[in-house]
Amino acid sequence: AQTVTQSQPEMSVQEAETVTLSCTYDTSENNYYLFWYKQPPSRQMILVIRQEAYKQQNATENRFSVNFQKAAKSFSLKISDSQLGDTAMYFCAFIFPPLGGTYKYIFGTGTRLKVLA
Amino acid sequence: DAMVIQNPRYQVTQFGKPVTLSCSQTLNHNVMYWYQQKSSQAPKLLFHYYDKDFNNEADTPDNFQSRRPNTSFCFLDIRSPGLGDAAMYLCATSRAGAANEKLFFGSGTQLSVL
């Protein structure tokens, strides 16, 4: 079974500091994709960053970067220079080629991040 | 500029009274998903449509049904809501075919069951 685990239900960080959210997953697939989604309070969930498993280079999007360790099945999100607008629930997600049909996401339980002024 | 719209934002229903949640999209995406999200839990996929093809998850209760009359609209029907069905319901869309396609989410409908 494919699973995604986020072991930090809640975290907080001071504005302008750096924070790392952890995510581990379990799969027997070799070809898959990993994502971090952000869900601000009362707003839509949006994509933060994505990583292809076949790429060794870690993905980066402005202040957001990942540390992808394929052998360890770990996919952490680093937020640099944290801003108040980063306060949100963050979900790690995993997608793999289906046995026919549509790709389906498997989500972790989320980490609630609060950025403190 | 809204792309995935869910109505209503909040829905209150009575135990056992049928309720319908709606989702519309302006992206012309092939795939539409319905997720159930309970507090402190991962979003749980209920079912999805690939164009007109309906795909139900094995553990989705029969109480949950869906309709997609056209590309733009998708409905979630809960035939006899129970207290355990109180949750946020998220609609999402994606283009078909590529594994790295991101999901576009609506703002969700928070369902309360009294």
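Chains as they are written, first to last, in the working numbering: chain B, 3 to 119; chain A, -11 to 102. Think of the CB as a built atom: it goes at the ideal place given N, C-alpha and C, for glycine as much as any other residue.
Item                                                                                                                                                            : Value
By alpha-carbon positions, which one of Thr111(B), Ala95(B), Lys72(B), Gln16(B) ends up nearest to Val117(B)?                                                   : Gln16(B)
Is the distance from the Cβ of Glu19(A) to the Cβ of Thr81(A) below 8 angstroms?                                                                                : The amino acid at residue 19(A) is misidentified as Glu; the sequence shows Val. In contact: Val19(A) and Thr81(A) (Cβ atoms closer than 8 angstroms).
For chain A, check one thing: does any of its Cβ atoms lie closer than 8 angstroms to the Cβ of Leu49(B)?                                                       : yes
Measuring alpha carbon to alpha carbon, tell me which residue in Tyr23(A), Tyr38(A), Phe63(A) is nearest Asp47(A).                                              : Tyr23(A)
Please confirm if Gly87(B) has its CB atom under 8 angstroms from at least one CB of chain A.                                                                   : no
Which residues does DSSP pair with Tyr38(A) in a beta bridge?                                                                                                   : Val19(A), Asp41(A)
Among Gly70(A), Phe92(A), Tyr77(A), which residue has its Cα nearest to the Cα of Arg83(A)?                                                                     : Phe92(A)
Counting only beta-carbon atoms, is Lys106(B) nearer than 8 angstroms to chain A?                                                                               : yes
To the nearest angstrom, how far is it from the Cα of Lys90(A) to the Cα of Pro31(A)?                                                                           : 15 angstroms
Going by DSSP, which residues form a beta bridge with Val7(A)?                                                                                                  : Ile66(A)
Whole angstroms is fine: what's the gap from Arg114(B)'s alpha carbon to Gln71(B)'s?                                                                            : 23 angstroms
Quick check: what's the CA-CA separation for Ser54(A) versus Leu33(A)?                                                                                          : 13 angstroms
If I measure Cβ to Cβ from Leu36(B) and keep anything under 6 angstroms in the same chain, skipping five residues before and after, which residues do I get?    : Gln53, Phe77, Phe96
So, at 6 angstroms on beta carbons, what are the nonlocal neighbours of Gln98(A) in its own chain, with the 5 sequence-adjacent residues on each side left out? : Tyr(-2), Met76
Can you find a CB in chain A that lies within less than 8 angstroms of the CB of Phe77(B)?                                                                      : no
Spell out the partners DSSP gives Cys79(A) in its beta bridges.                                                                                                 : Trp22(A)
Using only the alpha-carbon positions, how far apart do Gln59(B) and Pro(-4)(A) sit?                                                                            : 42 angstroms
Tell me the DSSP secondary structure of Pro102(A) in three-state form.                                                                                          : According to the sequence provided, residue 102(A) is Leu. The question's Pro does not apply to it. It is coil, neither helix nor strand.
Helix, strand or coil for Leu91(A), going by three-state DSSP, please let me know.                                                                              : coil
Measure the Cβ-Cβ separation of Leu64(A) and Thr14(A) and say whether it is below 8 angstroms.                                                                  : no
Among residues of its own chain, excluding the 5 on either side of Arg56(A), which ones have a beta-carbon nearer than 8 angstroms to its beta-carbon?          : Met20, Tyr37, Lys40, Phe42, Cys62, Phe63
Buried or exposed: where does Tyr39(B) fall if 16 or more other Cβ atoms within 10 Å of its Cβ makes it buried?                                                 : buried
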